[in-house]
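Colleague:
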Amino acid sequence: MSIKSKLHDIKESFKGKTMAPAFNAFHTFLFTPNDVTSSGTHIKVADDLKRTMNTVIMSLVPCLIFGIFNAGYQHNFAIDAANGISTQASLFVNFLTFDNLMIGSMKVLPLVIVSYAVGLTVEFIFAVIKGHEVEEGYLVTGMLVPLIIPVDLPLWMLAVSVIFGVVIGKEVFGGTGMNILNPALTIRAFLFFAYPTWMSGDKVWVYDAVNRAGSPEAISGETILGSYAQNQDIIYSMSDMFFGFIPGSIGETSKLLIIFGALFLIFSKIGSWRIILSTLIGALVMGLIFNGVIEAGIITESSKFYGLMSVPFWEHLLIGSILFGAVFMATDPVTAAQTNKGKWIYGFLIGFISIMIRVFNPAYPEGVFLAILLMNVFAPTIDHFVIQSNVKMRLNRLKLKTA
Amino acid sequence: MGILSKKDRQLITDPLSDNNPITVQVLGICSALAITAELEASVVMSVSVLFVMGVGNVVISMIRNIVPSKIRIIVQLTVIATLVIIVDLVLKAYAYELSKTLSVFIGLIITNCIIMGRFEAFALGNGLWRSFLDGIGNAFGYAVILIIVGFFRELLGSGTLWGIPILGDPIDKTFLYAFGYENNGFMLLSPMALIVVGIIIWVQRARSKHLIEE
Numbered sequence: 001m002s003i004k005s006k007l008h009d010i011k012e013s014f015k016g017k018t019m020a021p022a023f024n025a026f027h028t029f030l031f032t033p034n035d036v037t038s039s040g041t042h043i044k045v046a047d048d049l050k051r052t053m054n055t056v057i058m059s060l061v062p063c064l065i066f067g068i069f070n071a072g073y074q075h076n077f078a079i080d081a082a083n084g085i086s087t088q089a090s091l092f093v094n095f096l097t098f099d100n101l102m103i104g105s106m107k108v109l110p111l112v113i114v115s116y117a118v119g120l121t122v123e124f125i126f127a128v129i130k131g132h133e134v135e136e137g138y139l140v141t142g143m144l145v146p147l148i149i150p151v152d153l154p155l156w157m158l159a160v161s162v163i164f165g166v167v168i169g170k171e172v173f174g175g176t177g178m179n180i181l182n183p184a185l186t187i188r189a190f191l192f193f194a195y196p197t198w199m200s201g202d203k204v205w206v207y208d209a210v211n212r213a214g215s216p217e218a219i220s221g222e223t224i225l226g227s228y229a230q231n232q233d234i235i236y237s238m239s240d241m242f243f244g245f246i247p248g249s250i251g252e253t254s255k256l257l258i259i260f261g262a263l264f265l266i267f268s269k270i271g272s273w274r275i276i277l278s279t280l281i282g283a284l285v286m287g288l289i290f291n292g293v294i295e296a297g298i299i300t301e302s303s304k305f306y307g308l309m310s311v312p313f314w315e316h317l318l319i320g321s322i323l324f325g326a327v328f329m330a331t332d333p334v335t336a337a338q339t340n341k342g343k344w345i346y347g348f349l350i351g352f353i354s355i356m357i358r359v360f361n362p363a364y365p366e367g368v369f370l371a372i373l374l375m376n377v378f379a380p381t382i383d384h385f386v387i388q389s390n391v392k393m394r395l396n397r398l399k400l401k402t403a
Numbered sequence: 404m405g406i407l408s409k410k411d412r413q414l415i416t417d418p419l420s421d422n423n424p425i426t427v428q429v430l431g432i433c434s435a436l437a438i439t440a441e442l443e444a445s446v447v448m449s450v451s452v453l454f455v456m457g458v459g460n461v462v463i464s465m466i467r468n469i470v471p472s473k474i475r476i477i478v479q480l481t482v483i484a485t486l487v488i489i490v491d492l493v494l495k496a497y498a499y500e501l502s503k504t505l506s507v508f509i510g511l512i513i514t515n516c517i518i519m520g521r522f523e524a525f526a527l528g529n530g531l532w533r534s535f536l537d538g539i540g541n542a543f544g545y546a547v548i549l550i551i552v553g554f555f556r557e558l559l560g561s562g563t564l565w566g567i568p569i570l571g572d573p574i575d576k577t578f579l580y581a582f583g584y585e586n587n588g589f590m591l592l593s594p595m596a597l598i599v600v601g602i603i604i605w606v607q608r609a610r611s612k613h614l615i616e617e
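Given below as structure tokens:
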């Protein structure tokens with residue numbers, strides 16, 4: 001007897017009991033169940049929720065692996081910098097080393113494990129209470145969360161915010177598919193407002209920098225955005241920014257791997273290219289406007305906005321997490337706009353507002369997550385107006401025909 | 404039976420649970436969100452509202468037959484305003500620091516929807532004693548929620564209760580803070596008060612199903 005049929009037998013014996021949803025979730029995670037719909041016409045497709053989620057996770061794995069190595073690399077880089085040694089990032093010489101892997105795994109894997117363990121526990125509890133199947137929604141959220149937080153975040157803070165994010169961000173609305181806000185970003189927003197000292201500043205982005213603060217071995221890990229916001233010089237080259245050898249949230253530094261992930265999502269038709277493209281266009285437009293303001297001489301070097309406003313508009317895509325947000329966050333099919341025209345508007349405004357927050361609010365070094373959450377709220381409104389305008393257009397056409 | 408008949412007792416107990424002004428009637432939310440970051444402020448606010456509601460309901464009930472209904476709103480406002488000014492002056496005289504914390508919100512008791520709501524819905528049509536019971540009943544219902552919210556927000560947000568450190572000293576790193584615990588800054592922001600009230604509503608409706616609207 002195969003494992004599959006054994007599990008099926010166990011499932012039958014669980015039927016009607018309180019714990020059934022919990023077991024069924026485990027079962028469907030491993031195998032496609034034997035149950036078939038008994039009535040009505042139905043179309044069978046392969047890309048169910050589970051496969052969709054798995055595709056997204058696959059596109060995120062490179063970012064995670066890079067993030068693990070980068071955690072170690074940034075740690076060593078900062079120590080070298082504090083000792084006056086300037087290192088040049090090189091993939092095989094000082095990046096893909098065993099030392100980096102060890103430091104990175106030690107810091108990053110616990111975050112991934114806590115994120116999944118806590119989140120899935122909450123999902124299981126809610127499934128048992130409600131008596132329905134566990135939904136796969138958390139599989140992606142659980143992977144996204146460790147990628148968008150600083151490496152030094154204490155694990156209990158992550159646990160608290162995951163509970164908050166899953167319960168308030170998702171379950172109270174009715175679970176996967178019903179949530180208004182992106183759960184991963186809800187978790188990040190909660191962290192950001194609850195524990196701001198662990199989510200921003202020049203210490204949290206590099207492993208061990210918080211512990212060493214104030215001691216002779218102090219190291220610093222200011223992000224590029226932070227340096228710009230304080231009108232400091234940038235010590236990283238363009239290629240560092242593109243390949244991701246820079247401090248930042250764990251998974252968002254490597255633009256190259258995010259682009260790979262984006263292409264994978266677009267070709268597997270999981271992610272909407274309209275949203276990704278329009279988000280980037282929105283960011284570029286806002287960047288261009290700021291560049292224009294600088295060129296017109298309205299803002300001079302004495303202004304505190306000068307640093308970020310004078311960033312060349314295209315460079316905004318390389319610094320910060322706008323690319324990660326556009327590819328993995330804004331495209332969340334549940335919280336994004338549904339209509340094609342709506343997707344363009346939705347994406348454009350995300351990019352536009354992200355850069356605006358980034359430049360104008362020094363308290364929020366990165367505004368991408370706030371912009372996406374804001375537009376999540378407005379997505380249904382955008383869809384409503386797109387549909388209404390469509391209805392109006394068709395009515396007019398009908399009138400013209402009959403007239 | 405005691406001094407209160409069953410019907411009278413309901414006037415006090417109903418607002419505490421099934422007819423709570425905040426969680427069921429959803430009135431007076433504004434002040435519940437604004438001043439609940441500290442337990443002390445919540446209690447003082449509750450006492451102030453208790454005074455205004457108890458006395459206000461009695462006064463309105465007394466004059467309900469001689470006030471023309473066309474001008475009743477302005478009369479009610481005058482009554483509330485008078486009472487609120489009394490509260491405000493008392494606080495300024497005897498608890499100056501606290502009155503600064505509560506700042507405009509004592510004045511804004513005037514606009515607290517619960518008070519106006521109870522005047523309109525109850526005091527205008529009922530006798531003195533019952534109006535008084537209804538007033539303090541609703542004020543207690545309001546106070547219960549305010550104190551629960553204030554308790555959790557101050558405990559989790561500042562680690563103190565009534566200004567007294569409960570969870571240790573965040574600077575010297577004693578007790579919980581020695582293990583790396585940190586105060587949740589989000590708790591001190593108003594959005595979190597809304598979420599806490601939401602959770603109370605959730606718990607309440609999960610316990611008494613008949614409150615759930617279709």
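Line by line, the protein sequences give chains A and B.
Numbered per this note's numbering, the first sequence spans residues 1 to 403.
Numbered per this note's numbering, the second sequence spans residues 404 to 617.
For glycine and all other residues, C-beta sits at the position ideal for the given N, C-alpha and C.
Bear in mind that the values here come from a model prediction, so they are computed numbers and not experimental data.
1. Considering just the uninterrupted stretch of the alpha helix (DSSP H) at Phe508 (chain B), what are its terminal residues?
2. Quick check: the Cα distance between Phe164 (chain A) and Gly131 (chain A), rounded to an integer number of angstroms?
3. Helix, strand or coil for Pro21 (chain A) per DSSP?
4. Rounded to whole angstroms, how far is the Cβ of Leu181 (chain A) from the Cβ of Leu373 (chain A), which I believe are closer than 8 Å?
5. Cα-Cα, which of B:Ile551, B:Lys612, B:Ala609, B:Tyr545 is closest to Ile432 (chain B)?
6. With a 10 Å radius around its C-beta and 16 neighbouring C-beta atoms as the bar for buried, classify Ile586 (chain B) as buried or exposed.
7. For the stretch 310-323 of chain A against the stretch 349-361 of chain A, do three or more pairs of beta-carbon atoms, one drawn from each stretch, fall closer than 8 Å, so that the two count as touching?
8. Can you pull the chain B neighbours of Phe193 (chain A), defined as C-beta to C-beta under 7 Å?
9. For chain B, find out if any of its Cβ atoms is closer than 9 Å to the Cβ of Ile148 (chain A); answer yes or no.
10. For Ile259 (chain A), which of A:Arg274, A:Leu96, A:Phe328, A:Thr186 has the nearest alpha-carbon?
11. Return no unless some Cβ of chain A is closer than 9 Å to the Cβ of Tyr580 (chain B).
12. So, with DSSP's three-state summary, where would you put Met393 (chain A)?
13. Quick one: what does DSSP say Leu430 (chain B) is sitting in, helix, strand or coil?
14. For Thr402 (chain A), does the count of other Cβ atoms within 10 angstroms reach 16, so buried, or fall short, so exposed?
15. Could you tell me whether any Cβ in chain A is nearer than 9 Å to the Cβ of Ile569 (chain B)?
16. Classify Tyr73 (chain A) as buried or exposed, calling it buried when 16 or more other Cβ atoms lie within 10 Å of its own Cβ.
17. Quick one: is Asn179 (chain A) buried, meaning 16 or more other Cβ sit within 10 Å of its Cβ, or exposed?
18. Give me whichever residues DSSP pairs with Pro568 (chain B) in a beta bridge.
19. Suppose you measure from the CA of Ser534 (chain B) to the CA of Thr416 (chain B); what does that come to, to the nearest Å?
20. For a test of the three-state rule: what should DSSP assign to Glu12 (chain A), helix, strand or coil?
21. Less than 9 Å between CB atoms is the rule here; does Pro196 (chain A) satisfy it with respect to chain B?
22. Give me, in chain order, the residues of the same chain whose beta-carbon lies closer than 7 Å to that of Asn541 (chain B); leave out the 5 immediate sequence neighbours on both sides.
23. Out of A:Arg394, A:Met58, A:Leu120, point me to the one whose CA is closest to Thr176 (chain A)'s CA.
24. Can you tell me the Cβ-Cβ gap for Phe508 (chain B) and Ala581 (chain B), rounded? I've got them flagged as a contact below 8 Å.
25. Which chain B residues sit within Cβ distance under 7 Å of Gly168 (chain A)?
26. Using the beta-carbon count (16 or more within 10 Å), is Ile275 (chain A) buried or exposed?
27. Across the stretch 134-152 of chain A and the stretch 237-257 of chain A, are there enough close Cβ pairs to call them in contact, namely three or more that are closer than 8 Å?
28. Is it right to say Trp532 (chain B) is buried, meaning 16 or more other beta carbons lie within 10 angstroms of its own, or is it exposed?
29. Taking only beta carbons into account, state which residues of the stretch 136-160 of chain A come closer than 9 Å to chain B, listed in chain order.
30. Give every residue of the same chain whose Cβ lies closer than 8 Å to the Cβ of Met404 (chain B), excluding the five residues on either side of it in the sequence, and list them in chain order.
31. So which residues of chain A does Gly583 (chain B) contact, with C-beta pairs closer than 8 Å?
32. For Phe190 (chain A), decide whether its Cβ has a neighbour in chain B, counting only Cβ atoms nearer than 9 Å.
33. What's the call for Val547 (chain B), buried or exposed, on a 16-neighbour Cβ count within 10 Å?
34. Here's the rule: buried if 16 or more other CB atoms are within 10 angstroms of the residue's CB, otherwise exposed. What is Arg610 (chain B)?
35. Going by Cα to Cα distance, which pick from A:Ile57, A:Leu96, A:Gly67, A:Leu109 is closest to Gly137 (chain A)?
36. When burial is assigned at 16 or more other CB atoms within 10 Å of the CB, is His75 (chain A) buried or exposed?
Modeller: Taking the structure as given:
1. 507-510 is the extent of the alpha helix (DSSP H) around Phe508 (chain B).
2. In a straight line, the C-alpha of Phe164 (chain A) is about 21 Å away from that of Gly131 (chain A).
3. Looking at Pro21 (chain A) - three-state DSSP - the assignment turns out to be helix.
4. With 8 Å as the limit, Leu181 (chain A) and Leu373 (chain A) qualify as a contact, their Cβ atoms being about 6 Å apart.
5. Per the Cα distances, B:Tyr545.
6. Here the sequence assigns Asn to residue 586 (chain B), which means Ile is not the residue at that position. The residue is buried, with at least 16 neighbouring Cβ atoms inside 10 Å.
7. Three or more beta-carbon pairs separated by less than 8 Å link the stretch 310-323 of chain A to the stretch 349-361 of chain A, which places the two stretches in contact.
8. Near Phe193 (chain A) (Cβ distances below 7 Å), the residues of chain B are Gly588, Phe589, Leu592.
9. Using a CB distance cut-off of 9 Å, Ile148 (chain A) does not count as an interface residue toward chain B.
10. Comparing Cα positions, the closest option is A:Phe328.
11. Chain A contact via Cβ: absent.
12. In this structure, Met393 (chain A) counts as helix in the three-state DSSP scheme.
13. It is coil, neither helix nor strand.
14. Per the 10 Å Cβ criterion, exposed.
15. At a cut-off of 9 Å between beta carbons, Ile569 (chain B) makes no contact with chain A.
16. Under this definition Tyr73 (chain A) is a buried residue.
17. Counting Cβ neighbours within 10 Å, Asn179 (chain A) comes out buried, since at least 16 surround it.
18. Answer by DSSP bridge pairing, in chain order: B:Thr563.
19. Going by the C-alpha atoms only, they are around 14 Å apart.
20. Collapsing the DSSP output to three states places Glu12 (chain A) in a helix.
21. By this cut-off, Pro196 (chain A) is an interface position.
22. Close CB contacts of Asn541 (chain B) within its chain, under the 7 Å cut and outside five residues either way in sequence, are with Pro418, Pro424, Met456, Ile517, Arg521 (chain order).
23. Measuring from the Cα of Thr176 (chain A), the nearest candidate turns out to be A:Leu120.
24. Rounded to whole angstroms, the Cβ separation of Phe508 (chain B) and Ala581 (chain B) is 36 Å, and the two are not in contact under 8 Å.
25. It is Ile, not Gly, that sits at residue 168 (chain A) in the sequence shown. Correct list: Ile598.
26. Ile275 (chain A) comes out buried.
27. Proximity of the stretch 134-152 of chain A to the stretch 237-257 of chain A meets the contact definition, three or more beta-carbon pairs being nearer than 8 Å.
28. Trp532 (chain B) should be labelled exposed.
29. Contacts with chain B (Cβ-Cβ distance below 9 Å) from the stretch 136-160 of chain A involve Pro154, Trp156, Met157, Val160, listed in chain order.
30. Residue confidence is low: Met404 (chain B) scores 42 on pLDDT, short of 50, so the model does not pin down where it sits. Its coordinate-derived value is still stated next. Result list for Met404 (chain B): empty, nothing under 8 Å.
31. Those are Pro154, Trp156, listed as they occur along chain A.
32. Taking 9 Å as the threshold, the shortest C-beta distance from Phe190 (chain A) to chain B falls below it.
33. Result: buried.
34. Exposed is the call here.
35. Per the Cα distances, A:Ile57.
36. Buried is the call here.
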